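Q: Taking UniProt numbering, the leading residue of the sequence shown gets 1, the next gets one more, and so forth.
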Amino acid sequence: MTQHNVQLFTLSQPQQRIWYTELVYPNRNTSTIITTVKIKGTVRIDALQEAMNRVVAQNDSFRIKITVRDGIPYQYVEPFAAQSIETLQVTPEEAELWVSHHNAQPFPLLDSQLYRFVILQLGAEDTWFSFKMHHIISDGVTMEQAINEITGNYMNIVHGTGSDTPVPANSYLDFIQTEQSYEQSERYQKDKVYWTEKFADLPEVTGLKSYNPLTISTAAHREVYTLEHELYRGVTAFCEAHNISIFTFFLAALYIFLHKTTGEQDLTVGTLYANRTLKKEKNTMGMFVSTVATRLQVEPESELLTFLHGVGKEQASILRHQRYPYNKIMQDLREQQSGTDIGRLFGVTIQYRTLSFSRFDEAIQQVHTDFCGDTVSDFDIAMIDMLDDDKLVLQLDYRTELFSEQEIARIIRQFVSVVEHMVKGPQKRIQELSLMSDEERTQIMDVFNATAVPFPHDVGIHELFEEQAERSPDQTAVVFGNQSLTYRELNERSNSLARILQVQGVGPDKLVGLMVQRSVEMIVGLLAVLKAGGAYVPIDPEFPSSRIEYMMEDSKAAVLLTSRDLAEEHPCHANAIFLEDAALYQGESSNLQAIARPEHLAYVIYTSGSTGNPKGVMLQHGSVLNFSLNQGCKSTLSNRGDRPILEIT
1 MTQHNVQLFT LSQPQQRIWY TELVYPNRNT STIITTVKIK GTVRIDALQE
51 AMNRVVAQND SFRIKITVRD GIPYQYVEPF AAQSIETLQV TPEEAELWVS
101 HHNAQPFPLL DSQLYRFVIL QLGAEDTWFS FKMHHIISDG VTMEQAINEI
151 TGNYMNIVHG TGSDTPVPAN SYLDFIQTEQ SYEQSERYQK DKVYWTEKFA
201 DLPEVTGLKS YNPLTISTAA HREVYTLEHE LYRGVTAFCE AHNISIFTFF
251 LAALYIFLHK TTGEQDLTVG TLYANRTLKK EKNTMGMFVS TVATRLQVEP
301 ESELLTFLHG VGKEQASILR HQRYPYNKIM QDLREQQSGT DIGRLFGVTI
351 QYRTLSFSRF DEAIQQVHTD FCGDTVSDFD IAMIDMLDDD KLVLQLDYRT
401 ELFSEQEIAR IIRQFVSVVE HMVKGPQKRI QELSLMSDEE RTQIMDVFNA
451 TAVPFPHDVG IHELFEEQAE RSPDQTAVVF GNQSLTYREL NERSNSLARI
501 LQVQGVGPDK LVGLMVQRSV EMIVGLLAVL KAGGAYVPID PEFPSSRIEY
551 MMEDSKAAVL LTSRDLAEEH PCHANAIFLE DAALYQGESS NLQAIARPEH
601 LAYVIYTSGS TGNPKGVMLQ HGSVLNFSLN QGCKSTLSNR GDRPILEIT
């Protein structure tokens, strides 16, 4: 049968989402699902080959091929024909190399077979098989079902049970018909209204970093972290005690992490659901999974349990409308908001899956979900509940042009810390939950003894900070309440802001007002002023507006660093920069050339002014550095970097 004689079917909505991804990122591995099954024990290769062929015969989704007619993608189903499954004799080293190379090869999409089985024999008692499928014909549930069917078929063949003639399973084509009926229904129109209303105004933050997704590579890496068993048990016990699903728990943990990392309260995350709404669909192989834009408000004052139940309620609402496809939502929003550039609604995705696999007799079996090396999100989190092994694995796939290994290690560490604090404190408020573990907080708050090391006296204090950031980039530099920044993060944020200040005319002996509450942003702003070469004027927001206005006029400050709420309370300067704006920290983040010398001003502090107007007292870089050294912070800074030098100044 040639492709010109076959019956063509439209792509389902989940398939169309994969098709669009392929158009944007051609010849990449963004849509490949790969699993390697490793078996320790005797395996009959002929039976394993036959078991694989039976799965292909039973499930038409394996035999789907994609074609294009008049620019429109269609699919058709090839009739079954038994194949000779490739079998290779390899050493363990060769097996690892082969799997790595095989996983990196994308499928040709059009008019091609979109699955591949390969058996690797490493020895008489050591057999692997690699199972690779294109996402347009499969999803994670399909992969699990296929492996279990292969195992069941193998056991029937070896033990002479079951039928020799494969019985056709449910057809994926039935799902296409069901979906077409849905698209003509009243339910479809109600779902459309639900989503357009939910995103009538767009979320400002869609990911951890601001960038154009099309301008960077999809090249990615996978980091795998296994939750400590005690914590895993704690999570499951917590969820049982409070009638919360495990997925709801981890989704809430992600929202809390993102809130504390970005400072935003209106957050949207991509959540993945199986989308098998009918009973027969749960036993059908193919691409069903739906990606849902889940939008929530994170209120810092909310009690954790209240927030968790709110997340669960939102999930229940979303599940009633999750059949409406994400690509249709984007199309609707672009039509309704034609003057707005809508690239995406989220940059972070999360899914929770349980996995359980059938066994090959008494053989020891390991199933590895391999990584293909590409992703289109900032990062994807998969919480895999390995029921057979009684453990929970966190898989984090991230784009390597966006994140370093150190950043991802910190993200995982902080995410796990949030999980730990949630388990321990169900009655706590969100603002009381920390990104740091109890051990980290204890270490940071402890006073370390150290041996004094001489420092040069001809540099600015911000230059000493940069040296420390180079020595210990991933140590915590500043802590306020439940917020913290590493030395790298603090250095990069202040560098980006410093460049903006220089554009505003800040330089040696130029003053910048700093009116903020005690916060992480205060330290970022203070450092940025020094790096720009200027001097800061600390202003207490509790001062009367008249006094603040006098200080700004008397100092002739070119810029005021503050927050929106304080600027509304004290409208005293036209050129105000709001430190909570994430865009301030998205620019060039490398160190600036040092232009402030010891004789230049570092800051100006105004006296209380109990009689008459307050007067400014000027301090130079050299004086500040001498004071700091005399206070003994040189030993702390040179030793570990656990206590920021700016805390003392």
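Just so you know, even glycine gets a beta-carbon here, dropped at the ideal spot from N, CA and C.
Since the structure is predicted, the reported quantities are computational estimates derived from the model, not experimental observations.
Under a Cβ-count criterion, where at least 16 other Cβ atoms within 10 Å of its own Cβ denotes burial, should Gln351 be classed as buried or exposed?
A: By the neighbour-count rule (16 or more Cβ atoms within 10 Å), Gln351 is buried.
Q: So Leu592 packs on Asn495, CB below 8 Å; how close in whole Å?
A: Indeed, because the Cβ distance is near 6 Å, the residues count as touching under 8 Å.
Q: In this structure, how does DSSP classify Thr284 when only helix, strand and coil are distinguished?
A: Reduced to three states, the DSSP call for Thr284 is coil.
Q: I'd like to know if the region 221-236 and the region 410-418 are in contact, where contact means that at least 3 CB-CB pairs between them fall below 8 Å.
A: Segments in contact, yes.
Q: Are the CB atoms of Leu490 and Val479 nearer to each other than 7 Å?
A: For Leu490 and Val479, no; Cβs fall outside 7 Å.
Q: Report the partner residues of Glu303 according to the DSSP bridge assignment.
A: Bridge partners of Glu303: Arg429.
Q: CB-CB under 6 Å to residue 653, same chain, minus the five flanking residues each way: which ones, in chain order?
A: Residue 653 is absent from the model: the chain starts at 1 and stops at 649.
Q: For my contact list, His135 and Met285 are in at a C-beta cut-off of 8 Å; report their separation, rounded to the angstrom.
A: With a Cβ gap of about 13 Å, His135 and Met285 do not count as contacting.
Q: Using a Cβ-Cβ cutoff of less than 6 Å, which residues in the same chain neighbour Val37 once the five nearest sequence positions on both sides are dropped?
A: If we look at Val37 and ignore the five residues flanking it on each side, its Cβ neighbours are Phe129 and Val367.
Q: Tell me the DSSP secondary structure of Glu407 in three-state form.
A: Helix, per DSSP.
Q: Using three-state DSSP, classify Ser555 as helix, strand or coil.
A: Of the three classes helix, strand and coil, the one that applies to Ser555 here is helix, per DSSP.
Q: With a Cβ-Cβ cutoff of 7 Å, do Ala220 and Arg399 count as a contact?
A: Their beta carbons are under 7 Å apart, which means Ala220 touches Arg399 by this criterion.
Q: Just to confirm, are Thr271 and Val292 a CB contact at a threshold of 7 Å?
A: Going by C-beta atoms, Thr271 is nearer than 7 Å to Val292.
Q: So, is the C-beta of Pro108 closer than 7 Å to a C-beta in chain C?
A: Included in the structure is just one protein chain, with no chain C present.
Q: Can you tell which of Tyr536, Gln15 and Val99 has its C-alpha closest to the C-alpha of Lys556?
A: Of the listed residues, the one whose Cα sits closest to Lys556 is Tyr536.
Q: Based on Cα-Cα distance, which residue from Asp438, Val604, Gln315 and Ala528 lies nearest to Leu579?
A: Answer by Cα proximity: Ala528.
Q: So the alpha helix (DSSP H) Thr268 belongs to, where does it begin and stop?
A: That residue, Thr268, is in no alpha helix (DSSP H); its beta strand (DSSP E) goes Asp266 to Tyr273.
Q: In or out: Met618 buried (at least 16 other Cβ within 10 Å) or exposed?
A: Under this definition Met618 is an exposed residue.
Q: So, using beta-carbon positions, are Asn29 and Gly507 closer together than 7 Å?
A: Not in contact: Asn29 and Gly507 (Cβ atoms no closer than 7 Å).
Q: For Tyr20, count neighbouring Cβ atoms within 10 angstroms of its own Cβ and tell me buried if that reaches 16, exposed if not.
A: Tyr20 is exposed by the Cβ-count criterion.
Q: Give me the residue from Glu569, Val6 and Gln502 with the minimum Cα distance to Met515.
A: When only C-alpha atoms are compared, the closest one is Glu569.
Q: According to DSSP, is Leu355 helix, strand or coil?
A: Three-state result, Leu355: strand.
Q: Name the two residues that bound the continuous beta strand (DSSP E) containing Ile72.
A: Element bounds for Ile72: Ile72 to Val77.
Q: How long is the line joining the alpha carbons of residue 733 and Thr142, rounded to whole angstroms?
A: Any answer about residue 733 is impossible in this case: the structure gives the chain only from 1 up to 649.
Q: Would you identify the three-state DSSP class for Ser484, choosing helix, strand or coil?
A: Note: Ser484 maps to strand in three-state DSSP.
Q: Can you tell which of Ile119, Pro106 and Leu8 has the C-alpha that lies nearest to the C-alpha of Ile64?
A: Cα-wise, what sits closest to Ile64 is Leu8.
Q: Spell out the partners DSSP gives Tyr182 in its beta bridges.
A: For Tyr182, which the question treats as bridged, DSSP gives no partner whatsoever.
Q: For residue 657, tell me which candidate among Ala583, Asn575, Met551 and Ala567 has the shortest Cα-Cα distance.
A: Missing from the structure shown is residue 657; the chain here goes from 1 to 649 and no further.
Q: Please report how far the alpha carbon of Ala146 lies from the alpha carbon of Gln58, in whole angstroms.
A: Ala146 and Gln58: Cα-Cα distance of roughly 10 Å.
Q: So, with DSSP's three-state summary, where would you put Ser434?
A: It is coil, neither helix nor strand.
Q: Taking contact to mean at least 3 C-beta pairs separated by less than 8 Å, is the region 110-120 in contact with the region 65-75?
A: Taking 8 Å as the limit for Cβ pairs, the verdict is that the region 65-75 does touch the region 110-120.
Q: Measuring straight from C-alpha to C-alpha, what distance separates Ala382 and Val269?
A: Spanning the two alpha carbons is a distance of roughly 13 Å.
Q: Quick one: what does DSSP say Ile14 is sitting in, helix, strand or coil?
A: Correcting the residue identity first, residue 14 is Pro in this sequence and not Ile. DSSP places Pro14 in helix when its eight states are reduced to three.
Q: When DSSP builds the beta bridges, which residues end up paired with Phe257?
A: Answer by DSSP bridge pairing: none, since Phe257 is not bridged.
Q: Are the beta-carbon atoms belonging to Gly347 and Asp378 less than 7 Å from one another?
A: Contact flag set, yes.
Q: Can you give, in chain order, each stretch of the alpha helix (DSSP H) that sits fully within the region 23-109 and has at least 4 residues?
A: Complete alpha helix (DSSP H) runs here, min 4: 45-58 and 92-103.
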